[in-house]
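Visitor: Right, I'll just put the structure down here and ask away after.
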Amino acid sequence: MCISFAIYCQYAIVVKQMIYGGFMKSGVQLNLRARESQRILIDAAAEILHKSRTDFILEMACKAAEDVILDRRVFNFNDRQYEEFIEMLDAPVADDPAIEKLLARKPQWDV
144 MCISFAIYCQ
154 YAIVVKQMIY
164 GGFMKSGVQL
174 NLRARESQRI
184 LIDAAAEILH
194 KSRTDFILEM
204 ACKAAEDVIL
214 DRRVFNFNDR
224 QYEEFIEMLD
234 APVADDPAIE
244 KLLARKPQWD
254 V
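To convert, note that position 74 of the sequence shown is 217 in this note's numbering; the numbers rise steadily by one, no gaps.
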């Protein structure tokens, strides 16, 4: 639980930096090159999900980026990031009915 919480806190710090650092502004252009076979594959998957190529690529890239961040086990903090991390760890836990409901459920392997 502590490791998962630490990973969540690191993710929260990254998201906060993105939001307050201006990285969430729309209109930033990304350019990439792909093989024709990759474009066809991406277009087929995007069509199945009723998404544009751009929306599909961004959604999948962001999901992959989140997975990389959440899978980390070792974090290097500068002094400011470390202080923010400690503040998050020391902050009182907010009541979240959805999490309480999830934790109260019987695990699938116990059914």
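Ideal Cβ placement from N, Cα and C applies to all residues, glycine included.
1) By how many angstroms is the C-alpha of GLU243 removed from the C-alpha of ASP253?
2) Looking at the structure shown, is ALA204 part of a helix, part of a strand, or coil, going by DSSP?
3) How about SER195 and ALA188: do their beta carbons lie closer than 8 Å?
4) Please state the DSSP three-state secondary structure of VAL171.
5) State the DSSP-derived secondary structure class of PHE199, mapped to helix, strand or coil.
Guide: For this structure:
1) Put simply, the backbone Cα of ASP253 is about 18 Å away from that of GLU243.
2) Of the three classes helix, strand and coil, the one that applies to ALA204 here is helix, per DSSP.
3) No, these two residues do not count as a Cβ contact at 8 Å.
4) Here VAL171 sits in coil by DSSP.
5) Helix at PHE199.
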